[in-house]
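S.K.: Residue numbers (the working numbering): 1 to 183.
We treat Cβ as the ideally placed atom computed from N, Cα and C, and that holds for glycine.
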Amino acid sequence: MITVEDLRVKLGGSEVLKGVDTVFRGKHVVLGPNGSGKTTLFRAIDGLVPYKGRIEIDGRQLEGVRGAVGLLATNLAEVYSLAPVKALELLHLFSDLAGVDSARALALLEELGVSEELLRKRRFWELSAGTRKAYTTALALATGARNVLLDEPFEQLDPAKKVKLVGELKACNSVVVMNTHET
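1. Below 8 Å on the Cβ atoms is my contact criterion, and I expect Arg54 with Ala87 to pass it. Report the Cβ-Cβ distance as a whole number of Å.
2. Report the start-end ranges of each beta strand (DSSP E) in the region 127–180 that is 3 residues or longer and not cut off at the edges.
3. Less than 9 Å between the beta carbons of Asn179 and Phe24, yes or no?
4. Run through DSSP, which three-state label would Arg25 get?
5. Which of the three DSSP states, helix, strand or coil, is assigned to Leu71?
6. Out of curiosity, what's the CA-to-CA distance linking Ala68 and Thr22?
7. Taking the Cβ atom as the reference point for each residue, do Leu150 and Ala160 lie within a distance shorter than 9 Å?
8. With H, G and I counted as helix, E and B as strand and the rest as coil, what does DSSP make of Asp6?
9. Please report the distance separating the alpha-carbon of Val100 from that of Ala142.
10. Taking only the alpha-carbon atoms, compute the straight-line gap between Val114 and Leu90 and give it to the nearest angstrom.
11. Quick one: Cα of Thr3 to Cα of Ser36, how far?
12. In the DSSP assignment, find the alpha helix (DSSP H) that holds Asp104 and state where it starts and stops.
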């Protein structure tokens, strides 16, 4: 469970989140247009931006639970592109560093139509935009975290992959909070 009370975030001198109160249990979608603060909310929950207010994860204040939320930056393709390794090697690196269950990630990717062979042949930035999104979403889900934040998980996915991802999200035992501007 993720609890947010009177959350305030300033970026560049402007208050982009003001007095946000919410509780996330189960599956939730944060819906809003681009620039409405969805990603900033996620970054605050994961401790990536300074904030005022209170954030609790599973009843504990955020400061004491760094890493308890399974947020892998799903929209930082530029960062992943710096790794001079094939996508499969990068997946195994995440397995070692972030507790990603590589077998689970590969199974999710297969379900989403991304083969292990493709990941063996190409670097992350050589994958299509939809495949990169499937890749990063699978990594986040495969952490096994009790609370998972997904930033725009349906972005760039074709309709068939969106349907499959919805099924995977429903089957997931974690609290899953995702944001999107899609309706």
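M.R.: Taking the definition as stated:
1. Rounded, the Cβ-Cβ distance is 38 Å, inconsistent with contact.
2. 147–151, 175–180
3. no
4. coil
5. Low local confidence applies: a pLDDT of 48 at Leu71 is under 50, so the model's placement there is unreliable, with the coordinate-based value given in what follows. In the structure shown, Leu71 sits in coil (DSSP, three-state: anything other than H, G, I, E or B).
6. Bear in mind that the predicted position of Ala68 carries a pLDDT of just 47, short of 50, making it unreliable; the figure below should be weighed with that in mind. Between Ala68 and Thr22, the C-alpha separation is close to 18 Å.
7. no
8. strand
9. 5 Å
10. 15 Å
11. 20 Å
12. Note that residue 104 is Arg in the sequence shown, not Asp. Element bounds for Arg104: 102–111.
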